[in-house]
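Data block below; observations after.
There are 2 protein chains.
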Amino acid sequence: MTAEGALTGALLIGAADVPGSAGEFRAVDPRTGARLEPAYGEAGPDEVRRATELAQQAFAGYRQTDLETRAAFLESVADRIDALGDVLVERVRAETGIPRARVEGERARTTGQLRLFAAVVRDGDWLGARIDPAIADRRPQARPDLRQRMIPLGPVAVFGASNFPLAFSVAGGDTASALAAGAPVVVKGHPAHPGTAELVGRALRAAVEEHGLPEGTFSLLQGAGHSIGTALVTDPRIKAVGFTGSRSGGLALVAAAAGRPEPIPVYAEMSSVNPVFVLPDALRRQGSELGTAFVASLTTGAGQLCTSPGLVFALGADGVESFLDAAAAAVATAPSAPMLTSGIQAAYTAGVERLAATERVRTLARGLGDPAIGAPGRPALFVTDGDTFLAHPALHDEVFGAASLVVRVRDTAQLHEIVDRLEGQLTATVHAAPADVGAARELLPRLELIAGRVVFNGWPTGVEVGHAVVHGGPFPATSAPATTSVGTRAIERFLRPVSYQALPAELVPDELADGNPLGIRRLVDGVPDRH
Amino acid sequence: MTAEGALTGALLIGAADVPGSAGEFRAVDPRTGARLEPAYGEAGPDEVRRATELAQQAFAGYRQTDLETRAAFLESVADRIDALGDVLVERVRAETGIPRARVEGERARTTGQLRLFAAVVRDGDWLGARIDPAIADRRPQARPDLRQRMIPLGPVAVFGASNFPLAFSVAGGDTASALAAGAPVVVKGHPAHPGTAELVGRALRAAVEEHGLPEGTFSLLQGAGHSIGTALVTDPRIKAVGFTGSRSGGLALVAAAAGRPEPIPVYAEMSSVNPVFVLPDALRRQGSELGTAFVASLTTGAGQLCTSPGLVFALGADGVESFLDAAAAAVATAPSAPMLTSGIQAAYTAGVERLAATERVRTLARGLGDPAIGAPGRPALFVTDGDTFLAHPALHDEVFGAASLVVRVRDTAQLHEIVDRLEGQLTATVHAAPADVGAARELLPRLELIAGRVVFNGWPTGVEVGHAVVHGGPFPATSAPATTSVGTRAIERFLRPVSYQALPAELVPDELADGNPLGIRRLVDGVPDRH
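Quick note, the sequences are listed as chains B and X, same order.
If you read the first sequence in full-length UniProt numbering, its first letter stands for residue 1, the second for the next number, and so on.
If you read the second sequence in full-length UniProt numbering, its first letter stands for residue 1, the second for the next number, and so on.
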């Protein structure tokens with residue numbers, strides 16, 4: 001950057017700083033309502049086209065980088081984000097109101113994720129190498145040599161999310177997994193944190209330059225309007241889209257992508273209420289502790305997490321009052337917290353009012369009000385019964401923020417009916433004590449059909465970035481239920497298999513060459529190759 | 001069935017023979033134009049609903065069958081198809097006009113495919129088992145135990161294809177891979193071969209009964225209209241669709257699936273012209289032989305193969321006349337062949353007439369006419385130059401049948417321009433002699449971006465069913481470019497990952513249990529588990 005931490009308000013298009021041509025906008029400090037400098041220029045159609053043209057030009061070279069170069073590049077991005085130090089932390093705090101400890105935790109997750117994908121790249125398993133050798137004497141016809149590997153789809157558009165300004169934004173999971181796959185990335189930063197986006201974007205660009213990669217490997221577009229996103233998704237050079245955000249936003253991108261002459265996949269992580277099921281023995285033994293722990297999960301990040309527990313189903317009468325009392329007490333002493341944007345705050349307030357006004361839904365507790373902050377996300381806890389929940393489909397909807405509805409469920413039959421009517425979810429959580437094992441065994445096959453991750457005796461907030469995690473799930477949790485946007489499997493979203501038949505030895509890529517020069521895992525006639 | 005080979009015209013809905021309620025239709029022998037007995041009842045909305053309800057009921061039980069039971073079931077289906085013997089061969093011949101040797105070859109491919117998926121099921125690699133063990137002493141938080149596996153999406157609708165009455169039909173690749181994944185299947189048979197569909201459907205149903213599987217594991221619906229397909233794809237119990245057929249048909253299903261309250265994936269294999277690139281040294285050395293071999297591929301199956309070579313690009317002047325002369329001679333002596341249906345015949349005739357009428361496109365040869373057959377698919381060969389090809393986008397379109405266009409390409413630059421403007425393809429083929437290696441090296445990265453399979457010094461027709469094959473490709477070759485509809489990877493289309501966090505040991509499924517009781521390949525912390 002021009003000087004450490006000096007923000008310019010420019011778009012980062014390949015190696016060039018470009019002023020936006022379609023108006024300007026500023027970030028707002030949600031803690032104070034103050035508008036932040038500098039002004040950011042919005043990308044117009046020319047800037048979108050320039051970024052995608054560069055990405056297309058970069059594709060041929062970037063996708064053929066060797067594994068070590070690509071891995072080292074991802075590690076450089078992580079190192080450079082770390083090196084931004086407090087300049088980055090303070091800008092994130094100013095643009096989002098997220099407390100320091102969470103910002104630092106999110107930064108560690110973000111850089112850890114980049115380093116994990118570097119390891120994934122080196123490992124080479126993602127190349128999906130398979131060889132079915134020729135069988136010259138097969139009858140009636142000889143069998144030809146076939147070799148298969150994964151190649152990247154092409155340039156990827158990534159949309160930054162409001163609630164994870166680092167981990168799901170410019171150098172977040174979508175970007176890391178796309179770059180790992182060999183796909184150039186054009187990011188559309190979230191307009192709530194353009195300065196954070198610029199800082200991280202410059203770190204990423206510097207890593208591109210350090211490793212001599214084509215400049216179009218990465219560009220950062222910014223803008224507060226919707227037209228830039230539509231322009232990006234409908235650009236013919238873009239071949240896949242990663243998005244984390246609202247259901248309406250995700251569905252708009254899905255529709256735009258489906259309407260292209262060449263439709264492309266949109267990996268949108270959209271909407272989830274993350275139901276929690278407290279089974280009778282757990283409720284009886286631990287009602288009070290679970291009530292307290294539930295609210296700790298609910299109020300994390302002012303409830304602005306994709307995995308925030310928005311519904312709790314309590315089965316059984318014994319202990320339910322303890323659970324409700326403890327939860328109500330925890331909510332009543334929970335402070336309000338600034339929400340990420342005024343739009344999110346307005347939607348939260350409307351959602352809470354809608355819940356409060358629903359017949360047979362009782363407001364159990366509200367958090368502490370705090371007139372000193374500009375956008376108070378005041379926690380809210382509601383309670384109803386299973387019949388009411390089944391009768392009001394609107395009670396299934398996500399209220400993004402620290403609001404949750406506890407549903408007292410009559411019996412197992414009603415619990416199963418509820419589960420079977422829930423929409424797709426990122427997570428489903430079960431609290432089960434020893435005597436609940438039978439009930440849990442009945443519940444589990446239903447829950448795995450509606451959720452990407454099933455949690456036992458824990459809480460859905462807090463997503464591990466590893467190999468076995470799934471951050472995904474059936475519609476409307478995501479637009480692509482067979483994928484995950486967190487963890488090492490996320491790379492698969494940007495790859496497709498290609499098969500080579502009777503490829504001359506001098507043209508065979510290293511990952512498929514005889515003798516396995518890369519030393520990667522391969523299937524030969526369907527059996528793992530020893531190396 | 002009621003007696004071996006005795007066709008009833010009934011729909012096979014679970015264990016019941018059900019008469020269709022929405023009219024009736026009959027197959028036609030394309031060799032004679034004769035209408036064949038029996039009449040088939042068309043499925044109406046009630047029958048569609050009944051089949052999907054049974055499939056949904058079967059899902060919970062079928063998906064939890066142990067690997068050995070599921071594998072043995074698939075093998076039984078293969079054995080029972082083999083046991084149909086000549087009854088099946090003759091019915092296929094009567095309904096499609098396909099010669100005996102090809103029917104027998106397709107039957108072997110179909111049963112081999114079922115047995116291959118049985119081996120895939122037993123192998124267990126498709127379960128994608130991953131374990132990230134807990135780390136209790138990690139700071140700042142303990143790491144929870146996470147275990148991931150693949151589960152099936154739910155009941156799958158499969159549409160039979162006209163051109164592969166066995167291999168892409170009732171018990172074809174889509175059905176075999178969906179059943180392997182643990183998904184019940186509702187097949188909509190192709191109306192051109194309802195008797196073939198009934199014979200194979202009864203074999204499949206008998207295998208369901210033999211293994212004590214839920215009756216809704218398989219149903220066969222039939223019908224000649226479009227409404228049954230729409231009803232099936234928009235039925236909320238159906239969770240994925242497999243289709244092989246026309247671009248318009250595939251896109252209609254994609255649109256119907258996208259418009260559902262819960263959109264679902266459609267794996268449609270649609271349209272491909274399978275370009276062949278003959279490089280200068282190959283043209284010079286082998287022009288004549290290549291011309292003859294090309295026409296052998298073109299006329300296979302009367303050109304009614306998804307991988308039929310509809311475009312040939314010849315680079316260089318030396319040898320091109322030999323290539324054209326040999327190809328023209330081969331076409332001129334190639335017999336006409338009955339096409340699969342009158343609709344396909346009409347579209348073929350129109351396509352050939354369109355090519356013949358295009359300015360600067362010359363008709364090089366037509367096959368032998370045969371007034372004795374009802375629907376003569378008379379081969380047709382055309383020639384043009386690269387400038388004309390680039391100027392007429394309609395010349396890129398598929399003409400389904402034994403018609404092909406040879407394009408004389410001026411130079412490498414024009415060849416690259418052409419490749420970059422081609423739509424997505426199932427295959428791309430290169431003929432390269434030793435001196436062509438440099439040109440092939442430049443061409444390969446372009447071809448792999450537009451095709452699912454790149455063939456060297458061979459022909460695209462003939463698709464191996466193995467581990468390393470890809471029968472897929474960028475849009476419009478398919479609606480889902482990251483998948484294949486042939487080969488062992490096809491199972492992945494019907495699966496999605498689920499992650500279990502801190503699952504109690506007594507609830508852990510065998511594939512994720514400590515000690516690896518199934519002995520399958522698993523990743524532990526991203527590293528292959530030894531067993």
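Glycine included, each C-beta is placed from N, C-alpha and C at the ideal position.
| Item | Value |
| --- | --- |
| Nearest to residue 259 (chain X) (by Cα), restricted to the options X:458, X:233, X:117 | X:233 |
| Best match in B:70, B:40, B:133 for proximity to residue 210 (chain B) [C-alpha to C-alpha] | B:70 |
| Any 3 or more C-beta pairs closer than 8 Å across the region 154-171 of chain B and the region 237-252 of chain B | yes |
| Residue 202 (chain B) - containing alpha helix (DSSP H), residue span | 194-210 |
| Distance between residue 449 (chain B) and residue 498 (chain X) (C-alpha atoms, nearest Å) | 9 Å |
| Between the CA atoms of residue 45 (chain X) and residue 6 (chain X) - distance to the nearest angstrom | 27 Å |
| Any C-beta of chain B under 7 Å from that of residue 1 (chain X) | With a pLDDT of 41 at residue 1 (chain X), under the threshold of 50, the predicted position of this residue should be treated as unreliable, though the coordinate-derived value follows. For residue 1 (chain X), the answer is no, since every Cβ of chain B falls outside 7 Å of its Cβ. |
| Interface flag, residue 458 (chain B) vs chain X, CB-CB below 7 Å | yes |
| Near-chain B residues of the region 272-294 of chain X (beta-carbon distance less than 9 Å), N- to C-terminal order | none |
| Closest residue to residue 38 (chain X) among X:62, X:159, X:191 (Cα-Cα distance) | X:191 |
| Counted within 10 angstroms of its Cβ, other Cβ atoms place residue 304 (chain X) as buried (16 or more) or exposed | buried |
| Within-7 Å CB hit, residue 301 (chain B) to chain X | no |
| Cβ-Cβ distance between residue 377 (chain X) and residue 337 (chain X) below 7 Å | yes |
| Alpha helix (DSSP H) runs wholly inside the region 243-297 of chain X, at least 4 long, in chain order | 247-258 |
| With 16 other Cβ atoms within 10 Å as the buried cut-off, status of residue 68 (chain X) | exposed |
| Range covered by the beta strand (DSSP E) that runs through residue 13 (chain X) | 11-13 |
| Limits of the unbroken alpha helix (DSSP H) element including residue 352 (chain B) | 342-356 |
| Endpoints, beta strand (DSSP E) assigned at residue 315 (chain X) | 311-315 |
| Closer than 7 Å to chain B by CB, residue 502 (chain X) | yes |
| Test: residue 481 (chain X) CB closer than 7 Å to a CB of chain B | yes |
| Cut-off 6 Å between Cβ atoms - residues of its own chain near residue 63 (chain B), not counting five sequence neighbours on either side | 152, 182 |
| Runs of alpha helix (DSSP H) lying entirely within the region 385-410 of chain X, each at least 4 residues, in chain order | 386-391 |
| Residues near residue 273 (chain B) in its chain [Cβ-Cβ closer than 6 Å; skip 5 each side] | 310, 311, 398 |
| 8 Å CB neighbourhood of residue 520 (chain X) in its chain, flanking five on each side removed | 123, 124, 125, 127, 129, 511, 531 |
| The region 315-331 of chain B touching the region 288-300 of chain B, judged by at least three CB pairs closer than 8 Å | yes |
| Close beta carbons around residue 4 (chain B), own chain, < 7 Å, minus the five adjacent residues each side | Its pLDDT being 48, under 50, residue 4 (chain B) is placed unreliably by the model, and the measurement read from it follows with that caveat. Taken in chain order, the residues that qualify are 87. |
| Residue-level contact to chain X via CB, residue 263 (chain B), 7 Å cutoff | yes |
| Three-pair Cβ contact test at 8 Å for the region 132-145 of chain B versus the region 195-206 of chain B | no |
| Among X:356, X:28, X:279, X:403, the one whose alpha carbon lies nearest that of residue 412 (chain X) | X:279 |
| Neighbour-count burial assignment, residue 289 (chain X), 16 or more Cβ in a 10 Å radius | exposed |
| Within chain X, partners of residue 9 (chain B) - CB distance below 8 Å | Those do not exist, as residue 9 (chain B) stays about 35 Å from chain X at its closest Cβ, beyond 8 Å. |
| Cα-Cα separation, residue 432 (chain X) to residue 75 (chain B) | 41 Å |
| Contact under 7 Å by Cβ, residue 488 (chain B) with residue 121 (chain B) | no |
| Local conformation of residue 18 (chain B) per DSSP, three classes | strand |
| Short-range partners of chain B found in the region 145-156 of chain X, where Cβ spacing is below 8 Å | 146, 147, 148, 151, 153, 154 |
| Span separating the alpha-carbon of residue 361 (chain B) from that of residue 451 (chain B) | 26 Å |
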